[in-house]
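What follows is a set of notes on a single structure, which appears directly below.
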Amino acid sequence: MAWDEALVNSLVYEQPDPALGRVTSYAQALNEALELALDSQPSVFVLGQGVDDPSAMFGVTRGLQGKFGPERVFDTPVSEEGMMGVCTGAAMRGMRPVYMHNRPDFILLAFNQLVTHAAKYHYMDNGQTTVPIVVWSAIGRGWGSGAQHSQAIQGLLLSVPGLKIVMPSTPYDAKGLLLAAIEDNNPVLIFEHRWLMRKSGLVPGGYFKVPIGKGICRRTGSDITIAGASHAIELAFQAAKLVAAEGIDAEVIDLRTVKPIDEELIGQSLKKTGRLLAVDTGWAKGGVCAELGCLAAEKWFKYLKGPVRRIGLPDIPTPAGFALEQHYYPTPDRIATVMREMCAK
Amino acid sequence: MIRYTYSGSGFSAYSDPIGVYGRERLQHFFRAMLRIRSIEEEIEKRYHLDQMKTPIHLVIGQEAAAVGACATLRIDDLVYCSHRTHGVYLAKGGDLKSMLCEMHCRRNGCVGSRGGSMHIIDPSAGVASTSAIVGGAIPIATGSALASKMRGEDRVNVVFFGEAATEEGVCSESLNFATLKGLPIVFFCENNFYSVQSPLATRQPNRELQRWAEGHGLPAVQVDGTNVLSVYDACRAAAERARSGGGPTFIEARVYRFRAHGGAGDDSRTGYRDVAEREAWERVCPLESYFDFLKRKGAMSDAERERMRSEIAEEVSAAIEFALASEEPRESDLYRHAYAD
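Rendered as structure tokens:
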């Protein structure tokens, strides 16, 4: 997409320049997407705990119930599995539910309907029905979110056939990917990150889509490839800047969609750099980082100049306290340190 | 020890069935039950041949529930079902050949050999979906009812499940949501007192399921599930209520399965239930007791029953032959529909 290409190597993650286009917040971009979808497709409806309350899901659902009515934008009982099943049943009848969760932790209650039903029916009934659901949530972090309010569960779902998993990193992508997810005929999970909600960026006003399954190169470089998605890309971008002065030229690949993964894009980059650092907001083991590492070993081993490294969360639950959290989460400095080790002559 | 006894009153409440229902409908009920029974018996008889490489959950003994309920529905009304699918599928009008092809793992099975006997569906007959997870179909049917309401359809959605599903939280969640939104759905619970081999008494306190359901704020009734007319009456009222915007209803139909939870034959002799209990329920067999009643009332004769039996036998053997002659799926079919376009 030309618009994105124009921004490669620019300061996507810093203060956007209004001279380049329209600037909105991340949450506002999502709000626009929902409004456009509700407006253009009568089959779309939005539900979730608190979608009509004053905080309006970080502002993402603000004003929608007033515009589209309580039939199409509604609060739900605290029944995660039941409501996921309701979404599945409605979607199988041609509706397009967008089921919003404040945090992914609550989706764990709905795994039976999500994994064993929504993800399966299109295949199980030989293509006779489709299940176009969007399951939206925002990964929590900080201020005592702790072990039960900060889980980044994309890795748990990565091996489930039939699902798509989207993890935007910019307001532009958040809007375009949400619109693409709503139009998609499969169950699509969107894992936002809480820390991106107040970011601002350049976002066109009208209806546009960012294709699901296609990543994007955010920074071109020749020494090392950092690949990941969502908030991890922001950290990677900052780390890339830190090491640039030392002569390490990093390429940053934003996957945008972690299932299906844009293998071609990663392959192209690795053929050039020969080094892969996989980054993710979730646990490093068995998740997005692990999948990237395995892909590299399987497909591009001969181009690798050294071992793949990964920076995700350690194999422990998230601590709630502030001081412990500082040691738990990856930082640009830690990413930069690993990059230096990988690129050391 | 007999744990669960029949508590119905037979057909004593139906003094003039021909006047109320008409001979044709009365005979249709019998024929539908006989057809399901005959198909199930044929499946059971052939199961040891290992041509049907699929689990089976025979509905023998529970035919009146599916037939009585589905007879109240239009073809475009939608039914959802748990693992024990055969009765509902056939009663709603699902295609027999497609079912048997699916059970024989053929390419032209109703879901292309991706589902097996727990996932026989026929959207053209309104057999919308099933789940092999206890309680799994309940919220899905509720979502279908939400879609019906949002679109302003006058369609009724019915979900069939066993009593064990009421032990799943999601059943409660669905009753709550359907009542909250006034959805056009009938929650049809077939209480056969056993979940696999676990009796109800080890799973639920001694209280009426109907009362439990009522706690969710919707009307709930208990019917004699061996009595096709009682089931029909209860489900007709519930379906009309749903169709006219009156919201959901919960029906508990007390039934008894004459066979094991899965597979061919009865397994009472393993000791989890008394053989005498099954035999007591067989004495109120939904087919035999209904036929005796029809005969007494002059609504049906032995000769008519025999004619039905031979017509059905012919249909079933032709369908089995068709299934056996059908093509197996190929490796290239495996990856189709991984994702929807």
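So the sequences go chain by chain: S and R.
Using the numbering used here, read the first sequence as starting at 113 and increasing by one per residue.
Using the numbering used here, read the second sequence as starting at 87 and increasing by one per residue.
Beta carbons: idealized from backbone N, C-alpha and C, even for Gly.
None of these values were measured; they are calculated from a predicted model.
A contact is defined here as three or more CB-CB pairs under 8 Å, and the region 332-342 of chain S meets this definition with respect to the region 387-395 of chain S. S:M204 reaches chain R at A214, S215, I226, G229, S230 and A233, counting residues in chain order whose Cβ is nearer than 9 Å. Contact of S:G252 with chain R by beta-carbon distance below 9 Å is absent, the smallest such distance being about 24 Å. Secondary structure of S:M212 (DSSP, three-state): strand. Across the set S:Q380, S:V420, S:G424 and S:I428, the C-alpha of S:G424 shows the shortest separation from the C-alpha of S:G399. In the pairwise beta carbon analysis, the region 172-185 of chain S is classified as not touching the region 223-242 of chain S: fewer than three pairs are separated by under 8 Å. Under a criterion of Cβ atoms nearer than 9 Å, no residue of chain S is adjacent to R:F115; the nearest Cβ is some 29 Å distant. By a beta-carbon distance limit of 8 Å, R:G147 contacts R:R343. Their separation comes to about 5 Å. In chain order, R330, R331, I338, A348, F349 and A352 place their CB closer than 6 Å to the CB of S:V364, counting only its own chain and leaving out the 5 sequence neighbours on each side.
Among the bridge pairs identified by DSSP, R:Y280 is matched with R:P285. In the structure shown, the three-state DSSP call for R:S330 is coil.
Not one beta carbon of chain S lies nearer than 8 Å to the beta carbon of R:P103. According to the DSSP assignment, S:S249 belongs to the beta strand (DSSP E) that extends over V246 to I251. The beta carbons of R:D208 and R:S234 sit no closer together than 8 Å. Rounded to whole angstroms, R:L164 and R:E326 show a C-alpha spacing of 14 Å. Going by C-alpha positions, S:I251 is about 6 Å away from S:S262. Neighbours of R:L266 in chain S, taken as residues at a C-beta separation under 8 Å, are given in chain order as P189. Taking a Cβ-Cβ threshold of 8 Å, none of the residues of chain S is close to R:S418; the smallest such distance is about 14 Å.
From the listed residues S:M207, S:D217, S:A344 and S:Y415, the smallest Cα separation to S:Q153 is found for S:M207. Close to S:V198, with beta-carbon spacing below 7 Å, are these residues of chain R in chain order: P225, T228, G229, L232 and F263.
S:I324 is not a Cβ neighbour of S:K397, given a cutoff of 8 Å. R:N278 is positioned such that its CB atom lies no closer than 8 Å to that of R:E413. Cα atoms of R:H190 and R:E127: separation of roughly 16 Å, rounded to the nearest angstrom. Against chain R, the beta carbon of S:M309 has no neighbour under 8 Å; the closest one sits roughly 29 Å away. Taking 8 Å as the cut-off, the Cβ atoms of S:A149 and S:P283 do not count as close. With 16 or more other Cβ atoms inside 10 Å of its own Cβ, R:L269 counts as buried.
The beta carbons of S:L367 and S:I360 sit no closer together than 8 Å. Secondary structure of S:I423 (DSSP, three-state): strand.
In summary, the residues of the region 175-209 of chain R whose CB is separated from some CB of chain S by less than 9 Å are G195, C196, V197, G198, S199, R200, G201, H205, I207 and P209, in the order they occur in the chain.
Residue-level contact by beta carbon holds for R:V256 and chain S, with a gap shorter than 8 Å. Distance between R:D360 and R:H347, taken at the CA atoms: about 15 Å. Bounds of any alpha helix (DSSP H) do not take in S:L308, whose DSSP letter is neither H nor E.
Closest by C-alpha distance to R:V314, out of R:R200, R:R297, R:A362 and R:Y376, is R:Y376.
In the same chain as R:L186, and ignoring 5 residues on each side of it, the C-beta atoms closer than 7 Å to its own belong to A405, I406 and A409, in chain order.
Legend: CB atoms of the region 164-182 of chain S lying less than 7 Å from CB atoms of chain R are not found in any residue.
For S:K411, the closest alpha carbon among the candidates S:L382, S:T173, S:I428 and S:G175 is that of S:L382.
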